[in-house]
Amino acid sequence: MLRQWVGAAVPLTLYPSAFVGRDFVGGDCLLTPEGCDVAPGADPVLTVLPPGYLASNAAFVEDLKAYAVAQGRTEAEGAAFARWVMASEMLTLGDFQRVYAAWVQALTCTMTARHAVLTCTRANGTELGLRCGCEQHHTGSPWDSITVWDDEGRHYSRLDAVPMDRIADMIARRGYRVTGEWSSIRYGTVVRRVTVEPIGGPEADEDPPERPADAPA
């Protein structure tokens, strides 16, 4: 069951899937990474480590710390940067400049969405998600993607079939409104993206959204 996951470049946490696997001896469900196929309310089962991951961790952490210190950070800040990269499971591919810039941006994260994104695949249909202005992945509401269903409870298999007023209503229910024009990209999946802002605007006198426990400090 784990063979397909051991080739990952970073540790991969697996959850019980919503799809039951009758052919698996000793198990009553398949495993799947975090996403739409996770069984509702399921807790993580285990984390799969790539071969040699633990052996190379210590040197990688030290390299991350050294890079942050070279950018003018303290040793403690360098250690915090290394922990953040490891916890976020970001692929650096030797490009520490990119992940360092993402960390600096995450330090000032306001947990405010800047874009709404529609994705469409043959397998999963159309899904709507919000993207934070810090460009990092947050979990929980309102960040989890949700499926766009039609009036008969089926998913849309084509973006051009989705009523955009329904999308605007879904975005509004998450506390945002569309402020720009939708753009389209296609690379394996069809993606449409648009800028959004909190309803009431940045000057609105309202409580900020709750900060997820795993968000950067």
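The numbering used here runs 192 ahead of the 1-based position in the sequence shown.
For each residue, glycine too, the CB sits at the ideal point set by N, CA and C.
Remember, it's a predicted structure, so these values are computed and weren't measured experimentally.
Could you work out which residue in Tyr207, Glu226, Asn249, Gly227 is closest to proline 236 when comparing CA atoms only?
Nearest C-alpha to proline 236: Tyr207.
Can you tell me which of the three DSSP states tryptophan 276 falls into?
Reduced to three states, the DSSP call for tryptophan 276 is helix.
Going by beta carbon distance, what residues of the same chain come within less than 6 Å of valine 277, once the five residues before and after it are set aside?
Around valine 277: Leu256, Val291.
Cutoff 6 Å; reference alanine 210; Cβ partners in own chain excluding five residues on either side:
Contacts found: Asp229, Ala231.
Which same chain residues, not among the five before or five after alanine 274, have their C-beta less than 6 Å away from its C-beta?
Same-chain partners within the cutoff: Val253, Leu256, Lys257.
Which residue comes first and which comes last in the beta strand (DSSP E) that contains arginine 477?
What the structure shows of the chain is the stretch from 193 to 409, and residue 477 is not part of that stretch, so it cannot be assessed.
Measure the C-alpha to C-alpha separation of valine 383 and leucine 322 and round it to an integer number of angstroms.
Each residue's Cα considered, the two are about 13 Å apart.
Three-way DSSP call (helix, strand, coil) for leucine 351 in this model
In this structure, leucine 351 counts as helix in the three-state DSSP scheme.
Limits of the unbroken alpha helix (DSSP H) element including arginine 306
Annotation for arginine 306: no alpha helix (DSSP H) segment contains it, though the beta strand (DSSP E) segment containing it runs 305-313.
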